[in-house]
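J.: When we follow the working numbering, the leftmost residue of the sequence shown carries the number 448, and every step to the right adds one.
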Amino acid sequence: MPARDADAPAASLSAPPLVRRATMDDLPVINRIYNYEVEHGVATWDLAPWSLEQRAQWFAEHDDSTPVLVAELAGALAGFGYLAPHSPRAGYRFTREDAGYVNERFQRRGAGRALLAALIEEARSLGMHTMLAGIESENAASVALHRSFGFVEVGRQRQTGHKFDRWLDRIDMQLLLDQRTT
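Right, here's the structure in full:
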């Protein structure tokens, strides 16, 4: 049974988030969460909302090595996160990038923290060596969340994005999952 949309009434938000693998049934809510950020925020630099068909194609491109997870709070889908390859080049095969989006109604309730913790564990179980995150520089909450898990800032790309008639900077963060050298 898919999680309810965040517009549905929730029983209690005091329970910790439940993180699970996303299903096709979750895609309409995932798309609403993402498209809200496209239209109102700078966590993504996409400029046009995604269609449900685009979201389904995106989801089909994710497999066990690039999982999509969702967080539920009181039975409502509060957010989603995923791992993606850093590059198609084979030399990057032990590196994943994380991304996550939380419905604005559920922010600061643990969904983002639960998703990132689960994504880190997924990356470790896949034998990844490094996780990367590219975060818009004004997104202090995401920077702080990543820092709390041990990510460190490794670079800053100035004025590489443009949205809402202004230039945006990207902070690059990295977490070494192990100390393997070979």
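Glycine included, each C-beta is placed from N, C-alpha and C at the ideal position.
Given the structure is predicted, the values throughout are model-derived calculations rather than measurements.
By the DSSP assignment, the alpha helix (DSSP H) with W614 in it spans what residues?
T.: Walking along the sequence shown from the start, residue 614 turns up at place 167. No alpha helix (DSSP H) holds W614; the beta strand (DSSP E) holding it covers 613 to 623.
J.: Got a sec, what are the start and stop residues for the beta strand (DSSP E) A518 sits in?
T.: The residue you call residue 518 lines up with position 71 of the sequence shown. Note, A518: beta strand (DSSP E), 515 to 520.
J.: Can you tell which of Y529, L615, H609 has its C-alpha closest to the C-alpha of M578?
T.: Here residue 578 is taken as the residue at index 131 of the sequence shown, counted from 1. Checked all of Y529, L615, H609; the closest Cα to M578 is Y529.
J.: Buried or exposed: D545, going by 16 or more other Cβ atoms within 10 Å of its Cβ?
T.: Here residue 545 corresponds to residue number 98 of the sequence shown, with the count starting at 1. Buried: at least 16 other Cβ atoms inside 10 Å.
J.: Give me the residue from G557, F596, L592, P463 with the minimum Cα distance to L623.
T.: For the purposes of this step, residue 623 is taken as the residue at position 176 of the sequence shown. Ranking G557, F596, L592, P463 by Cα distance to L623 puts F596 first.
J.: Mapping the DSSP letters down to three states, classify R479 as helix, strand or coil.
T.: Counting from 1 along the sequence shown, the entry for residue 479 is found at position 32. Helix at R479.
J.: Is A588 closer than 9 Å to Q554 when the C-beta atoms are compared?
T.: Against the sequence shown, residue 554 aligns to sequence position 107. Against the sequence shown, residue 588 aligns to sequence position 141. Yes. Within cutoff.
J.: Does the Cβ-Cβ distance between R560 and L524 come in under 9 Å?
T.: In the sequence shown, counting from the first residue as 1, residue 560 sits at position 113. In the sequence shown, counting from the first residue as 1, residue 524 sits at position 77. Result no, Cβ atoms of R560 and L524 do not sit closer than 9 Å.
J.: Helix, strand or coil for A507 per DSSP?
T.: One-based indexing of the sequence shown puts residue 507 at position 60. Of the three classes helix, strand and coil, the one that applies to A507 here is helix, per DSSP.
J.: Please say whether E519 and L465 have beta carbons closer to each other than 9 Å?
T.: Walking along the sequence shown from the start, residue 465 turns up at place 18. Walking along the sequence shown from the start, residue 519 turns up at place 72. Yes. Within cutoff.
J.: Taking only the alpha-carbon atoms, compute the straight-line gap between L494 and R613 and give it to the nearest angstrom.
T.: One-based indexing of the sequence shown puts residue 494 at position 47. One-based indexing of the sequence shown puts residue 613 at position 166. Their Cα atoms are separated by approximately 13 Å.
J.: Output yes or no for whether 9 Å exceeds the beta carbon distance between V485 and W497.
T.: Residue mapping note: residue 485 aligns to position 38 of the sequence shown, counting from 1. Residue mapping note: residue 497 aligns to position 50 of the sequence shown, counting from 1. Cβ atoms of V485 and W497: closer than 9 Å.
J.: Taking C-alpha atoms, which residue in I480, Q504, H487, F527 lies nearest to A469?
T.: As a first step, residue 469 is located in the sequence shown; it is residue number 22 there, counting from the start. Measuring from the Cα of A469, the nearest candidate turns out to be F527.
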